[in-house]
Structures are given as C-alpha cells and as structure tokens.
Amino acid sequence: MSVLVEEVLSNVKATSVGNSVGAAKVTAKDFQSDQDVRWCPGCGDYSILAQTQRILPDLNIPRERMVFISGIGCSSRFPYYMETYGFHSIHGRATAIASGLKMARPDLSIWVVTGDGDGLSIGGNHMIHLMRRNVDVNVILFNNQIYGLTKGQYSPTSEKGKVTKSTPLGSIDYPFNPAALALGSSCTFVARSMDRDPKHMQAVLKRAAEHKGTSFVEMYQNCNVFNDGAFFTLTEKETRDENVLYLEHGKPLIFGKEKDKGIHLDGFTPTVVSLKDGKHSVNDLIVHNEKDSTLAFILANMTYQEKLPRPVGIFQSIERPTYDEMMSQQIETAIQKRGKGTLEKLLNSGETWTIQ
Amino acid sequence: MAKTTKSLDEVTIRFAGDSGDGMQLTGTQFTNTSAIMGNDLSTLPDYPAEIRAPQGTLFGVSGFQIHFGSKEINTPGDQCDVLVAMNAAALKVNLRSLVNGGSIIVNTDGFNDKNLKLAGYEANPLNNDSLSKYQVFQVDITKLTTLALADMNLPQKIVDRTKNFFALGMMYWIYNRSIESTIEWVNDKFKSKADIAEANIRVLKAGWNFAETTEIFSVRYDVKPATLAHGKYRNITGNQATALGLVAAANKAKLDLFLGSYPITPASDILHDLSMYKQYGVKTFQAEDEIAGVTSAIGASFGGALAVTTTSGPGLALKTEAIGLAVMVELPLVIVNIQRGGPSTGLPTKTEQADLLQSMYGRNGEAPVPIVAASTPGDCFYSVFEASRIALKFMTPVLFLSDGYLGNGSEPWLIPTPESLADISPKFRTDPNGYLPYLRDEKTLAREWAIPGTPGLEHRIGGLEKEDKTGNVSYDPENHERMIRLRAEKVERIANDIPLAKVEGDEKGDLLVVGWGGTYGAIRTAVEQKRAEGKSVSHLHLHYLNPLQKNIGEILYNFKNVLVAEINMGQLIKILRAKYLVPAVGLNKIQGLPFKSSEIEKKIDEILGGK
Ligand code: SF4
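As given, the protein sequences belong to chains A and B, one line each in that order.
Note that this note's numbering has the first sequence beginning at 106, numbered continuously upward.
Note that this note's numbering has the second sequence beginning at 455, numbered continuously upward.
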C-alpha cells in the first residue's frame, strides 16, 4: 500500500460494523443501503441479496473493507443495495476491475456479482483469466439461463432448443456448464447453490468468503419474468430430493427422498445405483473430496445429464498461492535484493555523463 | 599512410541491414557513445513489423539513423551523410535516404548472387557505375569477422551475429569515438557467457583496427561536444522517459503506481521498463486484453493508486467504453497512447499522429477527456508527469499522446532532481460528516476521492447517470444535462491550471506554423532556418490539446497565415478552425514517417513566396 493510503487508513477509526474488536452486534441490516430494491417482485435475486447480507456480519471483516463490484445485467444492480463500497461498472468487466483493485489493495474483501450473460458471454475472457490467476476475489454468478435486463433473449447457459425472442425457432447453441468452465480455468474454489435454498446458500457463501483465492459460486436464480421455473425441478419440494445431489466433503454421495440412491463410479463414469436392491451398499459410492480435482471434474460433468441428479455444493476447494500475494512478494523480494528504490536513484540509473 | 582529421558540426549516419543483423543494437551503441561524448543528437529507428523477416529481402531491412553534432540537434536528419549497408537489400531500400555525394560502407559479402536477386538487382551495383554519385567503401566484413574469431571455434551462426560490431568498430574509428562504453556494455550483457563477450569485443576492436591500419579510410572526423546546459545527462528514448515520468509522478503523489497493460507495438517497452521497477513499489499487470488493461487500472484507481494503462491506437479503440466509465465515475486515470500508423492494424512499427480525434471524441456520449502530448523523447517525462497531475487534481481520465517516433527515438536528457518536481499528492476524503460522493470542489469542480477502507464513506459509483451531489442513479432530464455540462466544465477549467502557450519566434508576423507532438524538432529546425533567411515566421507547439490553452486564439489572430503541420490528414486543424474560425491551411504527411524539416521549409516558402 502506498504511503498516502496507509497514512489515511491508519488515521481513521474502524467502525464497529463487522469488526470483531469491541464490536457492537452487527446484523444484516447494517449491510442494507438506503436505496429501494428494484428487481421484479418474486425475482430470485432478492434471496441472494438477503443471504449475502446475512452472512457478512459473521466474517469479522470491517464493513468499510468490503467492496461489491458488478457489470451490467439485473444482478449487477446488487452493489447499490449494499451498504459497503460498491462499483456498478460496464458490461462484463467487473472481474477485471476487481483484479486491479485487489492488486492495488490486498487488504480489501472483494466480491464480484455477475450473471450468465455478463460473466460468461461478454465477460467470459476476464472471468477465465481471473480464475486461472487465482486472484483473491469472490464471484457470485447469478445463473438464470436468460437475458433479463434486455428482456428475454437466450444466454450462454440457456439449454439448446430454447425458444426466445432472438431464437424463434429454438437456439442452436450448446450451453456452458459454468462449474466445469471454472474447473477448466483452474479455479481453486468452485461451488453451486440455489436461490430457493437459503440455508445451503449461506453455507456456501460463507465458505466462499473464507477461501483464499478465487471463489466461484454458480447460483441458480429464477427469473420469474422471462424464464420462470427454469430450476423448479431442482428447487421445489416435490421434485428436489430426487433431482439434487448435495455434495458434502467426506460423505458418500447419497440422494433421494428416502436416501436410497447413490452415485457409483463405473470406470470414470458416474452412475446412479440403488441402495435398496441389495446389489450395492454405501461402500460402493463415491465419497466426496473437495481436494480431489479429478473428482471435481467428474462431478461437474454430471450437470445437464438427464439420468443423473444435479450436483450442488462445493465441487472443489484447494489451496494455491494467490496472484495478489505473489505480486506483493515479488515487490518485497525486489526491495530486499536491490534495496528500496528512490526517485533519485531511478532517474540517475543507466549510463550518465556530466556537462560542466 | 598519413591520415587526416577533419572537423564536422553535424553528421547523420544510417545503419542498415537484415532484421537479424543487429542494426538497432549497433545504432543504440553508437548513440550512447556519442551521447557520453557530449554530442547533441536525435535518433530514428526504422524496423520491419516482422520479427525475423526472411533473410536478405527488401521488407526484412532494418535501419537506425542517428543525427549527432556539436550544435543543437532537433531531428534525426532529413537524409543521411553515411550509409552502412550490410547487404544488397539494405542498400536498395536506403539509397534514397543518402545525400548526393554521401558515403556508403558496404559489406561485400552481402552482395552475392542470392542477395542481389532478393534485392531485385540485375547487376551488382558495386561493380558498375550506378553508385558513381557516392563514395563507396567496400569491406568484406563477414570474412574479416570470421578471421578475427578463427581460433575461437565458435559456431558460424555466432560468428555471423558479431559482424555488426565490426561495422560499429569501423564507425567508431572514423568518427573518433571511444569504444570503452560499448566494451563495458558487452561485458555486462554477456556476464555469464564469457566467450560471446570476448568474440564481440574482439570483432569490435578488429573493425576499429581495420579502419585505422588499412588505406581504405584516409580521413577521420571529429565531431566536438555540443554546448548543452550544465548538469548530468543520460540518453533516453520517449518510452523510457514515459516510464520514468510515471514512476516520478507516483512518487510525487505519494501513491503506488499501478499499470494495467496488454502488449502492443510500439508501447510494450513501457510495460517492460515498469516491470523492472518493482523495488520502487510499481505494480505491473499484463492483462488478458486491452479492455482488462484499462479496467484493472480503473479498479486500482478506485482503491487509491495512480493508475495507468498503456497502449497504441487499436488498443485505445478497445478501451473506449472503459474510458467513458472513468469519465462518468470521475476517477483519476492516465491513458498512454503511443500512436502508430492506422487504421486497423495499420503500420505497427511506423509513426503517425492520427489518433488525436479518436482521443478527443472517440467515446459514446459527451465524454470529454483532457489530452496532453509530448514533443520530444525527453519531454515524454514531463508530459506524462503533467498528465498524472491533471488526472489526480481534477479526478478525471487523461490521455497522454506520444508516438512511435518519439517512443523509439532518443536524445540526451538533462536529468532533473526529484526536488525540482512538484508535489502532486491528492487529498483523500476521510471525514464522514456531510460526505456525498459527487460534491465538488468549487474551483476545479473535481469530486473527492474516498477510498475503500475509510469508515463511514461507504458509497457506490457506476456507469449509470449520477444525480448531482449524491451520485445516486438518476434518469431526471434536467439532472442529466446539468451533469453533462458539469463534467465538460470541469475539463474546461483545467485551462486555468496550466501555463499559457508560448510562441517560438515573434508574436506577430506573416506565418505561424502550428504543430503538436513529435513534429516539434522538424518544425523548429525549419522555422529557425527560415527565420535565419529573414522570413517572418514563428512556431507554436501545442502540448495541451484538450483543453487548449487560453491564449491560443489570441496567438493565432496575430498572424496573417496559419499553417498546421501534422502526420495525419488534418486533425488539429479541424479543432483550431472550428474553435477559432481561422483560415488555417494544413501540411499533411501520412507515410508512417516523421516530417523532414525540408518538407516544412518548402511549404513555408510556398506560403510566403520566395525561393
Ligand atoms: S427480469 Fe428476471 S432476473 Fe431481472 S429482475 Fe426481473 S425477474 Fe429478476
């Protein structure tokens, strides 16, 4: 941090909000800004906002050190509703802005709020590079499988055949599988959760916040205006248990209303087996391991496969030095090796001569 | 044989060879040595876009021109007095740059049948009278280099790579230069490769000795030191000066320097230079693309850094939307554009001034951005420092314009002391009482900089239109117009904060030649020449393109004629005509090359009458 920034920040008193030292009890309310929330009534975004505000007080990070950065899209209004520092930027670039901010200010806790269009279409390039560099930033990607703000065109996660205003005969694009894309980009923390599962969401967001390195959370989000019910089979009571596989570290992969089915690995292919028919037992099932990158790929690839339940939870959580950390280290090493540079030294470097 | 020594005021030499022949290096070494010997000088590298173009071809020719002297030198020279040609193609491409009666030193080995064919010569020009206008010195450099290294058992490829130092050694002898600084450089460069270092030094000395002992060269020349201002100097290219200027600005602002950049010719050297300055706390980020280069810088600026992005024309086009964002959120940002020939990919390694209008207007909506332009390689330091000062004081993105000619060209540079540079540190807002993100300073109209980490100042900024003062999103019609006018007025008020423009020459007269950026040296040389001939002509060079200095109109109206000389189709002239309604005429050249001062002189004569 520069002389001036350090000086400024050391002279101000941290607020009690979100601060563990002598803190008054901080609540979700302290993170609500004075702006009216303007999403369509019933939109899944409300729940994500509420759960985020709920977990932040538990992080022991002063509120003024938190920054929410977004691009363009319905989800990108998010920072306006947060009583933290915030930046509602331009389409697709929140990840790049966040990268620069984190490099300049490693002391900040930075969140990127993006959507399937903003983060995977126009901003796809910055997204994969953020993840491969492992910049210590938390990304929540609101995936509603549609363009909401521009009123209902198909998105890069819409299913093939999707009929929208721009695809009257059905889309001929294959969708991205965001979790697999994140893993393919070497993202160190990859997870998935759903707007209609607040408890699960809170747990995942908390883990994401605590993770050092890029955290990528794909959040299934219902757009009740342009793509209502896209995830209902996964989120509604009647169908959820049969269709969702909750990933839990160290636990066998079991699902079903009766907890009577599991995922068995047949070679490299995950298959559903019954725990009731006497042929398989719990011992035949995959035991989830967040540290196992190969397994993470296999699980992520279960997405969109009709005969398999949809995995939800933390696919992968591994440690690697972060970009911002290494950047600071290189600077420290350079200072140790060459001595702290002064302007005088720099200007006079190289070959010089004097004219009397 | 007795050798005579003649004294010269100035000389222009052009080194030319294959792009693999090391001509840029040879030229740079000759330049540094001449600078250390106290000459004033100016250089022009001229190299192909291909990294290793096929050997011996016309498009693979790489050249480096240096103009040095004991008098004031402002341009790399219209034409060269001496041409060093390492092969037939180099001769063919560069002959037209040589003055009549000039000297050619050729490597005869580069004129074999294959070379001649590739260069499109039907007969060997060394063997007929096609070069009779010139003085030709034929040296089999390849053979002599090989002989000098005979006992070293080096692969022929390595031997071939040292032959440029033979040429350099000869030139050092002819122009009475010391070989010491080049030897030092070789030893440092090849610290861990002793045999390569020895080979280069041997060949350098062999070239020197050859020139001294053989009878080919009977005259050697003395070019005395120039009378430059007292002080400590270094030789500097525009890109080096830009990098130093940015570090100096961050230092004087007490901020960290953050560079977000994507490699692009001819701007990459700034990224390279700044990447070496880690011990100065400089953070460089090679982004995934141009857009991430600028947006990462905007992020760093939000966090309280002096944030910079460097690029060239095509990259500036990609950064357009993000610069508009910086205008809207009113954060400081320096955008460095080392202009090159366009449009599209254009001429990556050639120079042009054709991004002025892009810089002025190339954004959606009403998005004014201040523009500062450098006039010489050394001036890049002060101009980018000034761009940083304006960005920080007025909370605005600022475009700094340089070009390939300035970026790669070099000149001796009087090193400033850190104390002589102004303190430009910003005042961050810390008091939460009454804070609104878009409250403005009454005088400058700049909003306050409140960085994350400051308790009680939590606020949101963004690209949607801001409500006056609060910064809340607003679609109110009157508010939109007010904000557009406020942002424009803020940029206009920078004119109160910069010095008035100064005319070189008389303040009234028959003709004013107006230029901006890298044309400074050529215009100055031409105008001085014409003034010496008694013509009523003056020179106005603009460093501030937006806003224009307050006295520009007044200056223009004091002249009967106004000539605007630019390396483009006429961009500044449009701005001047529109703003001041003057009947200016243009002198425009769009060849990827800088002006020759003779071209400007000719135009001056045309306007004023005369020879
Ligand atoms: S359009 Fe869809 S995603 Fe956007 S706010 Fe409305 S419901 Fe939510």
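Just so it is clear, CB atoms sit at the ideal spot from N, CA and C, and this is done for glycine as well.
From a predicted model like this one, the values you see are computed outputs, not experimental measurements.
Proximity of chain B to Asp-223/A at the Cβ level (cut-off 7 Å) is not reached, the minimal Cβ distance being about 13 Å.
Contact residues of the segment 169 to 193 of chain A toward chain B are Glu-169, Arg-170, Val-172, Pro-184, Tyr-185, Glu-188, Thr-189, Tyr-190, Gly-191, Phe-192, His-193 (C-beta to C-beta distance below 7 Å).
Residue side-chain check: Trp-867/B keeps its Cβ at 7 Å or more from all non-hydrogen atoms of ligand 1. Secondary structure in the segment 144 to 186 of chain A: the alpha helix (DSSP H) runs of 4 residues or longer, each lying completely within the stretch, are 150 to 160 in chain order. Three or more Cβ pairs closer than 8 Å define a contact, and the segment 1018 to 1028 of chain B meets that threshold against the segment 1037 to 1047 of chain B. Counting every other CB atom within 10 Å of its CB across the protein chains shown gives Asp-365/A a total below 16, marking it as exposed. Per DSSP, the continuous alpha helix (DSSP H) segment holding Asn-618/B begins and ends at 617 to 628. Annotation: the continuous alpha helix (DSSP H) that includes Ala-308/A extends over 303 to 315.
Counted as a single uninterrupted DSSP element, the alpha helix (DSSP H) harbouring Met-432/A occupies residues 428 to 443. Contact of Gln-461/A with chain B by beta-carbon distance below 7 Å involves His-684.
In this structure, Ser-214/A sits away from Ile-160/A, with a CB-CB distance that is not shorter than 8 Å.
Beta-carbon to beta-carbon, Asp-150/A and Gln-326/A are separated by about 6 Å, close enough to satisfy the 8 Å threshold.
Fewer than three beta-carbon pairs drawn from the segment 440 to 452 of chain A and the segment 673 to 682 of chain B are found closer than 8 Å, and the two stretches are therefore not classed as touching. The three-state secondary structure of Lys-920/B, taken from DSSP, is strand. For His-393/A, no beta strand (DSSP E) run applies, since DSSP gives it neither H nor E. The beta carbon of Asn-654/B sits closer than 8 Å to those of Thr-616, Phe-619, Val-640, Phe-644, all from its chain and outside the five residues before and after it, given in chain order. Here the alpha carbon of Ala-841/B sits roughly 26 Å from the alpha carbon of Arg-914/B.
Against chain A, the CB of Thr-908/B has a partner CB under 8 Å away; the residue lies at that interface.
Within the chosen limit of 7 Å, ligand 1 does not reach the beta carbon of Asp-429/A with any heavy atom. When Cβ-Cβ separations below 8 Å define contact, Thr-157/A makes no contact with chain B. Look at Lys-611/B here: in three-state DSSP terms it is helix. In this structure, the beta-carbon distance from Thr-898/B to Lys-944/B falls below 8 Å.
In this chain, the alpha helix (DSSP H) harbouring Phe-839/B covers 833 to 848.
Distances between the C-beta of Gly-861/B and the heavy atoms of ligand 1 are all 7 Å or more.
With a cutoff of 7 Å, Asn-248/A does not count as near ligand 1, since its C-beta is closer than that to no heavy atom of the ligand.
Residue contact with chain B for Ser-107/A: present (Cβ-Cβ distance below 8 Å to some residue of chain B). In this model, Lys-989/B and Leu-1062/B are separated by some 8 Å (Cα to Cα). Judged by the Cβ position, Phe-336/A fails to qualify as a neighbour of ligand 1 at the 7 Å threshold, every heavy atom of the ligand being at least this far. Taken in chain order, the whole beta strand (DSSP E) runs of length 3 or more contained in the segment 889 to 971 of chain B are 914 to 916, 963 to 970. At least one C-beta of chain A is nearer than 8 Å to the C-beta of Ile-752/B. Taking the CA atoms as reference points, Ser-524/B sits about 17 Å from Gln-983/B. Between the segment 768 to 775 of chain B and the segment 922 to 941 of chain B, the count of Cβ pairs shorter than 8 Å is below three; the stretches do not touch. Setting aside the 5 residues that flank it on each side, Met-299/A is surrounded in the same chain by Tyr-325, Thr-340, each with a C-beta closer than 6 Å to its C-beta; the list follows chain order.
Nearest to Met-624/B by C-alpha distance, out of Gly-972/B, Thr-667/B, Lys-587/B, is Thr-667/B. Cβ proximity to chain B below 7 Å picks out Asn-230, His-231, His-234 from the segment 227 to 261 of chain A. Contact between Thr-691/B and Val-838/B fails: their C-beta atoms lie close to 13 Å from each other, not under 8 Å.
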